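Structure record follows, encoded as structure tokens.
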Amino acid sequence: MKFKAFLTENGVILLEKRFLPALDKMGKICHLFLTREHAFFLHNLLSGDGVQSIAQFHKEALFDDYRISSQNEDRIAFAIDISLLNRAVRSSVSICSELGGGGSTANRLQIKLVKKLPPNSTLPTPFLTFETKGYKSAVIQDVPISKPLSRTQVLELQTALDMAQDLPQTLVQVPDLNQLQNFVDRMKHVGDLLNVSISKYGDLHVQTSTTLITLGAEFRKLLVIGEQAFAPPEDQTFSAQTRSERAILRGDAQSVQVNVKHFSKSLQCHLAKPDCAFYGIAPQGACLTVIFQFFIPGTRQTDKSISLHCRLPVLDPS
Amino acid sequence: MSSSAVDAEAPDLVCQLDNVQGMVDALSSVRWKRNQDAVIELSEHGIVFIVEETGCLQAKVYLQRELFTQYEFRAHGRPRFGVSLGLFVDCLNSFSVPGHSSFIEIRYPGPDMKLLLKSVDSLDSCIYAEVRTRIPDSISWDYNFEPAGSTPLTFTVKSAALKEAVDDLEWPGSNIQIKLQPAPPAVTFRGEGHGDLQIDLMYYVNTDLLVAFHCDRQVSYRYKYKFLRATTSNIPNSVIKDNRGSKLSIGRGGMLKVQHLVSVARSSTPHPHIDSAGYQQSSRIAYIEFFVKPEEDEDAVND
Numbered sequence: 221m222k223f224k225a226f227l228t229e230n231g232v233i234l235l236e237k238r239f240l241p242a243l244d245k246m247g248k249i250c251h252l253f254l255t256r257e258h259a260f261f262l263h264n265l266l267s268g269d270g271v272q273s274i275a276q277f278h279k280e281a282l283f284d285d286y287r288i289s290s291q292n293e294d295r296i297a298f299a300i301d302i303s304l305l306n307r308a309v310r311s312s313v314s315i316c317s318e319l320g321g322g323g324s325t326a327n328r329l330q331i332k333l334v335k336k337l338p339p340n341s342t343l344p345t346p347f348l349t350f351e352t353k354g355y356k357s358a359v360i361q362d363v364p365i366s367k368p369l370s371r372t373q374v375l376e377l378q379t380a381l382d383m384a385q386d387l388p389q390t391l392v393q394v395p396d397l398n399q400l401q402n403f404v405d406r407m408k409h410v411g412d413l414l415n416v417s418i419s420k421y422g423d424l425h426v427q428t429s430t431t432l433i434t435l436g437a438e439f440r441k442l443l444v445i446g447e448q449a450f451a452p453p454e455d456q457t458f459s460a461q462t463r464s465e466r467a468i469l470r471g472d473a474q475s476v477q478v479n480v481k482h483f484s485k486s487l488q489c490h491l492a493k494p495d496c497a498f499y500g501i502a503p504q505g506a507c508l509t510v511i512f513q514f515f516i517p518g519t520r521q522t523d524k525s526i527s528l529h530c531r532l533p534v535l536d537p538s
Numbered sequence: 031m032s033s034s035a036v037d038a039e040a041p042d043l044v045c046q047l048d049n050v051q052g053m054v055d056a057l058s059s060v061r062w063k064r065n066q067d068a069v070i071e072l073s074e075h076g077i078v079f080i081v082e083e084t085g086c087l088q089a090k091v092y093l094q095r096e097l098f099t100q101y102e103f104r105a106h107g108r109p110r111f112g113v114s115l116g117l118f119v120d121c122l123n124s125f126s127v128p129g130h131s132s133f134i135e136i137r138y139p140g141p142d143m144k145l146l147l148k149s150v151d152s153l154d155s156c157i158y159a160e161v162r163t164r165i166p167d168s169i170s171w172d173y174n175f176e177p178a179g180s181t182p183l184t185f186t187v188k189s190a191a192l193k194e195a196v197d198d199l200e201w202p203g204s205n206i207q208i209k210l211q212p213a214p215p216a217v218t219f220r221g222e223g224h225g226d227l228q229i230d231l232m233y234y235v236n237t238d239l240l241v242a243f244h245c246d247r248q249v250s251y252r253y254k255y256k257f258l259r260a261t262t263s264n265i266p267n268s269v270i271k272d273n274r275g276s277k278l279s280i281g282r283g284g285m286l287k288v289q290h291l292v293s294v295a296r297s298s299t300p301h302p303h304i305d306s307a308g309y310q311q312s313s314r315i316a317y318i319e320f321f322v323k324p325e326e327d328e329d330a331v332n333d
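Residue numbers (the numbering used here), protein chains in the order written: chain X, 221 to 538; chain E, 31 to 333.
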């Protein structure tokens, strides 16, 4: 089992400034899953509860000189502490820039999988090692990782990953992630459960309700991807709640209940600076999915080498 | 986006406000603990929130009708109802968007005697809330504040200084004595508990701090520290930033009245809906009043 690659400058920026801070909010520990073509950061795919988050990078988005080999179709997976990983990347960056940087090949950041004897231990332990070669010195940082996943566990992870790829039939674009985040953060003080309904008309309706209070927000005329329909004009006159109830009865909308903390967590992904975000409900209301879209810088074209989406567990499937 | 269910009978009150944050600030200043119930009283003059604690402390927030961009009151008498203050403030806070003046409508009663709130900024997005109300408890104690003699005993101090003084008195804790004396004109806060701490505010020595002072005879009363603290603990930042003063008065029987002024002026970004109305920003102030009963065992010279 071998893995060795150089993080590109762009890869370092993507990870350090955008993805790792966002993924850190999703949970301390994630699985780093490396294949011949892709690197995945996966949260909660094997545990079954909590928000699942799937960040996928084509190897060229992060690395060059990417070498991987294992007896399991060149697939390697292990658990890693995101905050430690981010610290290692960040300090490597500062070393690189201290040493003059300039993009010369001399001080590139190499990462590799190693097994080492930690101090005061007789058991070799796996690490992800960051090696920064400077002008006269080299700095090595070892980030502890879990034992690499077994063949069966990797298969399980791959299956969970394949299953997490199903797309909702209707997706609506969130108008303003920051504003929604702000609202949901304040909503957290009022209730624990959030009803989310999404219609083919482009309505997103979130509501929390307790015995004492009902608090909700409705966003209308959002961009719809997938199945869409025209809103009946008579619906204009109704309240947000009535409108979404009618749309559900008509089969033009779906509604699920999620944990408001999960919802807020999924919004934290805006730290990864996506260009837009879409919410949708998976078929049969299996989960609430949020898909973040990244454009090729300077264009409105989707950057297919990067993808990020989250799946929020649904609390009451009825 | 009208709610059809309540149209059948005209509600007691429909009003609109363009500065939610100001209302949140004003109401937060009377939140001194987690679970508090508030009584809301509606009248043609405005909305009053009343919060009480164990018959010793009462706070009132006056939101006069001038603070609202629209105020339609149709009830006979003065409808009163109870809400959970914390929940109401948290809910109101959800309507406030930083850097953006939020425009909301408040309506009472809605279906099931609920208090209804909704944002009216935009046609394509809307925040709404329905707050369950309850029948209010009767007010346990009459807080009628009456002057102690022919001349009022009052002083006005910079809110920031008052808050600082009360915060400092936490160290001795327990009871705090407030003494007013005419010659030399001064106010003394004194705490005796885990050690003594005395804070003197001398009128004329520092008129920046003690802005006004009226006292014709010496009085002294003791107040429970926790109640005194409740009057200043949540003074909104805007009050400190605007360098406002708080007025303290001592009435018959040593009842202490503390008054703060909280700005409910809308933020600088103009709102297209009300530009023509030409509101006087300076007059858009919410009045906060606290009434604190003195401790029984006062020993000093009183009226």
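Cβ atoms here follow ideal geometry from the backbone N, Cα and C, with glycine treated the same way.
Bear in mind that the values here come from a model prediction, so they are computed numbers and not experimental data.
Roughly how many angstroms separate the alpha carbons of E:Asp48 and E:Ser132, rounded to a whole number? Along the second sequence, one-based indexing puts residue 48 of chain E at 18. Along the second sequence, one-based indexing puts residue 132 of chain E at 102. Taking the straight line joining both Cα atoms gives about 6 Å.
Would the stretch 248-264 of chain E and the stretch 280-291 of chain E be scored as touching if the rule is three or more Cβ pairs under 8 Å? yes
Write down every uninterrupted run of the beta strand (DSSP E) in the stretch 258-327 of chain X whose length is 3 residues or greater and which is fully enclosed by it, in chain order. 258-263, 272-278, 283-289, 296-301
Unbroken stretches of the beta strand (DSSP E), 3 residues or longer, contained in the stretch 438-467 of chain X: Complete beta strand (DSSP E) runs here, min 3: 444-446.
Could you tell me the distance, in whole angstroms, from the CA atom of E:Asp25 to the CA atom of E:Val187? The first residue shown for chain E is 31 and the last is 333, placing residue 25 of chain E beyond what the model contains.
Using a Cβ-Cβ cut-off of less than 9 Å, list which residues of the stretch 148-162 of chain E approach chain X; keep chain order. Lys148, Ser149, Leu153, Asp154, Ser155, Cys156, Ile157, Tyr158, Ala159, Glu160, Val161, Arg162
Beta-carbon contacts of E:Val50 that lie in its chain and below 7 Å, excluding the five residues immediately before and after: For the purposes of this step, residue 50 of chain E is identified with residue 20 of the second sequence, where counting begins at 1. These residues qualify, in order along the chain: Leu122, Phe125, Ser126, Ser132, Ile134.
Amino acids of chain E, ordered along the chain, whose beta-carbon sits closer than 7 Å to that of X:Glu438: Within the first sequence, the letter at position 218 stands for residue 438 of chain X. Ordered by position in chain E, the residues that pass the 7 Å Cβ test against X:Glu438 are Ser155, Cys156.
What is the rounded straight-line gap between the Cα of E:Ala56 and the Cα of E:Pro166? Mapped onto the second sequence, residue 56 of chain E falls at position 26. Mapped onto the second sequence, residue 166 of chain E falls at position 136. Going by the C-alpha atoms only, they are around 21 Å apart.
For X:Phe239 and chain E, any beta-carbon pair shorter than 8 Å? Here the question's residue 239 of chain X lines up with position 19 in the first sequence. Answer no: the Cβ-Cβ gap between X:Phe239 and chain E never drops below 8 Å.
Specify the secondary structure class of X:Val534 as computed by DSSP and reduced to three states. Here residue 534 of chain X corresponds to residue number 314 of the first sequence, with the count starting at 1. DSSP places X:Val534 outside both helix and strand once states are collapsed to three, so it counts as coil.
E:Gly107 vs E:Arg164 beta-carbon contact at 8 Å: For the purposes of this step, residue 107 of chain E is taken as the residue at position 77 of the second sequence. For the purposes of this step, residue 164 of chain E is taken as the residue at position 134 of the second sequence. In this structure, E:Arg164 does not lie closer than 8 Å to E:Gly107 by Cβ.
Quick check on the DSSP output: the beta strand (DSSP E) that includes X:His425 runs from which residue to which? Your numbering for residue 425 of chain X matches position 205 in the first sequence. First-last of the beta strand (DSSP E) with X:His425: 424-429.
Are the beta-carbon atoms belonging to X:Phe226 and X:Asp284 less than 8 Å from one another? As a position in the first sequence, residue 226 of chain X is number 6, starting the count at 1. As a position in the first sequence, residue 284 of chain X is number 64, starting the count at 1. Cβ atoms of X:Phe226 and X:Asp284: closer than 8 Å.
Please report the residue range of the beta strand (DSSP E) in which X:Ala380 lies. For the purposes of this step, residue 380 of chain X is taken as the residue at position 160 of the first sequence. First-last for X:Ala380: 371-383, but that is the alpha helix (DSSP H), not the beta strand (DSSP E).
Rounded to the nearest angstrom, what separates E:Pro177 and E:His244 at their Cα positions? On the second sequence, residue 177 of chain E is found 147 positions in, with the first residue counted as 1. On the second sequence, residue 244 of chain E is found 214 positions in, with the first residue counted as 1. A straight line joining the alpha-carbon of E:Pro177 with that of E:His244 spans about 12 Å.
Take every Cβ of the stretch 188-196 of chain E, pair it with every Cβ of the stretch 145-158 of chain E, and state whether three or more of those distances are shorter than 8 Å. no
In the DSSP assignment, what are the bridge partners of E:Ala159? If you number the second sequence from 1, residue 159 of chain E lands on position 129. Answer by DSSP bridge pairing, in chain order: X:Leu435, E:Leu147.
Coarse secondary structure for X:Pro364, derived from DSSP in three states: Taking the first residue of the first sequence as 1, we reach residue 364 of chain X at position 144. X:Pro364: strand per DSSP, three-state reduction.
Which residues of chain E have a Cβ atom closer than 9 Å to the Cβ of X:Arg406, listed in chain order? Taking the first sequence and counting its residues from 1, the one referred to as residue 406 of chain X is at position 186. Ordered by position in chain E, the residues that pass the 9 Å Cβ test against X:Arg406 are Asp120, Cys121, Asn123, Ser124, Phe125, Ser126.
Proximal residues to X:Phe515 (C-beta, below 8 Å), its chain only, five neighbours per side dropped: Mapped onto the first sequence, residue 515 of chain X falls at position 295. Closer than 8 Å at Cβ, skipping near neighbours: Asp495, Gln521, Thr522, Asp523.
Beta-bridge partners of E:Gly223, as assigned by DSSP: By 1-based counting over the second sequence, the position of residue 223 of chain E is 193. Note: E:Gly223 sits in a beta bridge opposite E:Gly225.
Using a Cβ-Cβ cutoff of 8 Å, what residues of the stretch 418-436 of chain X are near chain E? List them in chain order. Thr431, Leu432, Ile433, Thr434, Leu435, Gly436
Whose C-alpha, out of E:Leu199, E:Asn273, E:Leu291, E:Val150, is nearest the C-alpha of X:Ala547? With chain X covering only 221 through 538, there is no way to say anything about residue 547 of chain X.
State the DSSP-derived secondary structure class of E:Ile319, mapped to helix, strand or coil. Stepping through the second sequence from its first residue, residue 319 of chain E is reached at position 289. According to the sequence as given, residue 319 of chain E is Glu; it is not Ile. E:Glu319 falls in the strand class under three-state DSSP.
The alpha helix (DSSP H) enclosing X:Ala225, as first and last residue numbers: As a working mapping, residue 225 of chain X is identified with position 5 in the first sequence. Looking at the DSSP string, X:Ala225 is not in any alpha helix (DSSP H); the run it does join, the beta strand (DSSP E), is 222-227.
Let me know if X:Thr325 comes out buried or exposed under the rule of 16 or more other beta-carbons within 10 Å of its beta-carbon. By 1-based counting over the first sequence, the position of residue 325 of chain X is 105. With a pLDDT of 49 at X:Thr325, under the threshold of 50, the modelled position of this residue cannot be trusted; read the value that follows with caution. Burial call: exposed.
In or out: X:Gln291 buried (at least 16 other Cβ within 10 Å) or exposed? In the first sequence, counting from the first residue as 1, residue 291 of chain X sits at position 71. By the neighbour-count rule (16 or more Cβ atoms within 10 Å), X:Gln291 is not buried but exposed.
Leaving out five residues on either side along the sequence, give the residues of the same chain with a beta carbon under 6 Å from the beta carbon of E:Lys209. The count along the second sequence starts at 1 and reaches residue 209 of chain E at position 179. Cβ within range, chain order: Thr218, Ser250.
Quick one: what's got a C-beta closer than 6 Å to E:Ala190's C-beta in the same chain, skipping five residues either side? Position 160 of the second sequence holds residue 190 of chain E. Closer than 6 Å at the Cβ level, and outside the excluded window around E:Ala190, lie Ile270.
Anything in chain E within Cβ reach of X:Val584, meaning under 8 Å, just list it in chain order. No information on residue 584 of chain X is available, as it lies outside the stretch 221 to 538 that chain X covers here.
Mapping the DSSP letters down to three states, classify X:Thr352 as helix, strand or coil. Your numbering for residue 352 of chain X matches position 132 in the first sequence. Here X:Thr352 sits in strand by DSSP.
Residues that DSSP places opposite E:Cys45 in a beta bridge: Residue numbering aside, residue 45 of chain E sits at position 15 when the second sequence is read from its first letter. For E:Cys45, which the question treats as bridged, DSSP gives the partners E:Tyr101, E:Ile136.
Could you tell me the alpha carbon to alpha carbon distance between E:Gln46 and X:Arg440, rounded to whole angstroms? Taking the second sequence and counting its residues from 1, one reaches residue 46 of chain E at position 16. Taking the first sequence and counting its residues from 1, one reaches residue 440 of chain X at position 220. The straight-line gap from Cα to Cα measures roughly 22 Å.
Report buried or exposed for E:Asp333, applying the criterion of at least 16 other Cβ atoms within 10 angstroms of its Cβ. Residue 333 of chain E sits at position 303 when you count from the first residue of the second sequence. Caution is warranted here: a pLDDT of 47 is assigned to E:Asp333, below 50, making its placement in the model unreliable, and the coordinate value is therefore given only provisionally. With fewer than 16 Cβ atoms within 10 Å of its Cβ, E:Asp333 is classed as exposed.
Cα-Cα separation between E:Ala68 and E:Leu258, rounded to whole angstroms: Residue mapping note: residue 68 of chain E aligns to position 38 of the second sequence, counting from 1. Residue mapping note: residue 258 of chain E aligns to position 228 of the second sequence, counting from 1. Computed Cα separation, rounded: 19 Å.
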